[in-house]
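One structure is given here, and the rest of the page talks about it.
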């Protein structure tokens, strides 16, 4: 999986541009596509509360857009840490032929959420069951094995446990610690 720090910086800059436009444009001059891009940018940057707030404050007319409704479902799933359902919903939308722009956004988002989850697992666990990894990612066995091999994680002979290897040495931030605590609590439920 690629390093996403450059992309994250670009997304933060894009968010700043979008928010500036939102504040300076007349409300009736903002398109549905603009709100879709703003919501997906919030999601990409793990700003779930901001995405939720945006959805709650959209006009009733805007909320009738199918792709915005889909994004609102993603917000809800990520807010509830239901990653398996998140991945399934993303896969369904990509397979059922949404717009090419939405497909691009969804693929970017799936990649980013996967990277975040992998990094949190690397920080939190010396070993984790293969079943738990399948639940977290909502992927089939083959896809989870691929993630394990890409990250150079060891899988025991019986395929029951995985030994995550910390690939990226990074400073632990308060944000990462909060996400780590949330993930561990999710797994312990």
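Residue numbers (this note's numbering): -8 to 180. Virtual Cβ for every residue (Gly too), placed ideally from N, Cα, C. These figures come from a predicted structure and were not determined experimentally.
query: Buried versus exposed call for residue 44 [16 or more other C-beta atoms within 10 Å across all chains shown]; result: exposed
query: Ranges of the alpha helix (DSSP H) found wholly within the region 41 to 83, counting only runs of at least 4; result: 57 to 70
query: Cβ shell of residue 129 (< 8 Å), same chain only, five flanking positions each side left out; result: 74, 75, 76, 77, 78 and 79
query: The region 116 to 130 / the region 147 to 156 touching (three or more Cβ pairs under 8 Å); result: yes
query: Cβ-based burial, residue 162 [other Cβ within 10 Å; buried from 16]; result: Because residue 162 carries a pLDDT of 49, less than 50, the predicted location of this residue cannot be relied on, and no value is offered for it.
query: Same chain, Cβ closer than 8 Å to residue 62, five either side skipped, listed in chain order; result: 27, 30, 31, 34, 42 and 46
query: Alpha-carbon spacing of residue 16 relative to residue 146, whole angstroms; result: 53 Å
query: Assigned exposure category for residue 58 - 16 Cβ within 10 Å defines buried; result: buried
query: Limits of the unbroken alpha helix (DSSP H) element including residue 26; result: 23 to 35
query: Short Cβ contact (8 Å threshold) for residue 81 with residue 97; result: yes
query: C-alpha distance - residue 20 paired with residue 12, whole-angstrom precision; result: 10 Å
query: Of the residues -2, 1, 56 and 103, the one placed nearest residue 24, counting alpha carbons only; result: 56
query: Bounding residues of the beta strand (DSSP E) (the contiguous stretch that carries residue 152); result: 152 to 154
query: Between the CA atoms of residue 126 and residue 101 - distance to the nearest angstrom; result: 15 Å
query: CA-to-CA distance, residue 148 to residue 99, given in whole angstroms; result: 33 Å
query: Residue 18 versus residue 104 - alpha carbon distance; result: 31 Å
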